[in-house]
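Numbering-wise, the sequence shown is residues 190 to 578 according to our numbering.
Glycine is no exception: its CB is placed at the ideal position from the N, C-alpha and C atoms.
First the structure, in the form of structure tokens, and then the observations on it.
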Amino acid sequence: MQSATRVSKLKPYFFAHLSKRVQALLEKGRDVIRLDVGSPDLPPADFIIEAMAQSARQPNTHGYTAYGGTPAYRKAVAHYYGQRFGVELNWRTQIVGLIGSKEGLFTIGQAVLNPGDVSLVPDPAYATYSISSEIAGAEVYPLPLLEENGFLPDLDIIPADILSRAKILWLNYPNNPTGAIAPIEFFVKAVAFAKQHNLIIAHDAPYVDICYDRYDAPSILQVPGAFDVAVEFNSLSKVYNMAGWRLGMAVGNPEVVGYIESYKSQADTSHFEPILAGGIAALTGDQAWVQDRNQIYQSRRDVVVAGLRAMGLKLLEPQAALYAWARLPDGVEGYDFCARLLEDTGVSVTPGAVFGEYGKEFLRISICIPQARLEEGMARMVHWMQGNL
Ligand SMILES: Cc1ncc(COP(=O)(O)O)c(C=O)c1O
């Protein structure tokens with residue numbers, strides 16, 4: 190059987206390959222500590238689970254629901270954006286519900302890009318931005334995220350001939366994998382730049398409410414005029430510990446939201462109503478537990494930062510998201526380093542190269558495991574590094 194070219198061109202997914210190696214170690218009886226994936230280990234608040242369970246017990250909540258989220262879910266998203274960012278959204282035209290934000294990030298590429306268009310994609314980045322663009326036939330132009338620029342792209346150095354063909358600019362703050370944050374001034378600049386060059390901004394913001402040290406991440410939609418050019422992708426996966434529930438949203442520019450909705454109505458049908466009920470409870474209910482949960486992450490972050498520094502690695506302390514991004518020792522190849530680390534210590538971390546060419550000199554550590562295990566993992570890494578220097 191022959192696959193389509195667009196499928197045969199896909200590179201193997203790194204985390205699928207890694208899971209096989211981890212499984213092989215587990216079968217040999219090894220104690221593996223996974224610091225590689227960003228799936229929250231803690232549950233959502235009880236009132237969210239209760240709302241879902243109550244809805245599931247009703248006889249009339251098991252059929253198809255409205256395409257792109259029920260009015261009640263869209264109104265809950267509007268409520269959240271109003272309360273959290275002071276951003277007013279029209280629930281009919283500026284919001285569409287997603288089956289997790291990844292689904293929307295893939296869909297926007299199919300909905301707005303034509304073959305020959307250029308897609309401006311940060312490097313390193315979450316893989317879906319470039320995959321979505323390539324599958325749509327667009328050309329990916331990488332925007333290096335450099336430490337000296339605070340891991341923000343330098344929009345001013347994009348060549349004019351690229352800009353004339355560019356259709357979409359992807360951004361993601363708080364950032365995966367670098368843990369970097371963007372000041373609102375950067376978003377102001379990005380919005381003006383997008384208007385000047387006729388670009389759509391796809392801002393991916395699933396970590397917007399996972400912040401530390403009293404940092405409060407902005408939404409790009411807080412920038413005056415952002416609605417003319419920007420769509421923001423948001424998710425209940427990370428902020429509300431609901432990654433497996435598959436619930437997210439695209440909000441902002443009504444035309445682009447409409448294109449996403451139109452593509453989605455052909456590709457999928459709807460959400461399960463009890464999932465939406467849980468999502469509505471999460472978005473409109475008491476948000477205090479999110480802050481308490483962030484304290485747990487903050488203390489894990491401190492363990493990781495201290496451990497990486499004890500290994501002699503350099504990194505900026507992340508103020509948001511679920512990752513630490515540390516520079517590898519000079520001349521060390523990341524895939525080899527991480528493979529040896531896993532083999533020797535049972536600790537699994539992600540080579541930065543997985544996220545792009547400009548990630549090659551880094552490794553990423555995720556903080557989605559209980560603190561005692563994290564401490565054990567970091568202790569093994571520090572010990573291993575001492576023996577390998
Ligand atoms: C930057 C970024 N965007 C999107 C996603 C996808 O999240 P969701 O579960 O909402 O599909 C992830 C998940 O790791 C992510 O890190």
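Cβ neighbour criterion (16 or more within 10 Å) applied to residue i
i, result
"R490", "buried"
"D405", "exposed"
"G441", "buried"
"R553", "buried"
"K291", "buried"
"G576", "exposed"
"N338", "exposed"
Element boundaries [alpha helix (DSSP H), containing residue i]
i, result
"E546", "It is not in any alpha helix (DSSP H) - E546 carries neither H nor E in the DSSP assignment."
"L147", "Since the first residue shown for the chain is 190 and the last is 578, residue 147 is missing from the structure and cannot be characterised."
"V377", "I373 to H386"
"V571", "Q560 to N577"
Span of the beta strand (DSSP E) around residue i
i, result
"L332", "E328 to P333"
"E421", "A419 to S424"
"R516", "Y512 to R516"
"V440", "G437 to G441"
"I357", "A355 to L360"
"P311", "V307 to D312"
Closer than 6 Å: residue i CB and nearest ligand 2 heavy atom
i, result
"G368", "This structure lacks ligand 2; the ligands present are ligand 1."
For residue i, the three-state DSSP class (helix, strand or coil)
i, result
"H392", "strand"
"D230", "coil"
"R529", "helix"
"I347", "coil"
"S192", "coil"
"P540", "strand"
"R246", "coil"
"L505", "coil"
"I554", "strand"
"S488", "helix"
"G523", "helix"
"R273", "helix"
"I222", "strand"
Cut-off 8 Å between Cβ atoms - residues of its own chain near residue i, not counting five sequence neighbours on either side
i, result
"S454", "Y256 and G257"
"P232", "I238 and N430"
"Y262", "G286, H460, L465, G468 and I469"
"Y401", "N483, Y486, Q487, R490, P507, Q508 and A509"
"E277", "A267, Y270 and G271"
"I347", "L309, Y330, L332 and A355"
Beta carbon proximity, residue i to chain E, threshold 7 Å
i, result
"S208", "Judged by its chain identifiers, the structure shown contains no chain E, having just a single protein chain."
Residues near residue i by beta carbon distance below 7 Å, same chain, minus five either side
i, result
"V492", "Q560, L563, E564 and M567"
Same chain only: Cβ atoms within 6 Å of residue i, ignoring 5 sequence neighbours per side
i, result
"P333", "D312 and Y547"
"R281", "none"
Requested in this report: List in chain order: all unbroken alpha helix (DSSP H) runs of 4+ residues lying wholly within the segment 276-308.
Outcome: DSSP runs (the alpha helix (DSSP H)) wholly in the segment 276-308: 290-301.
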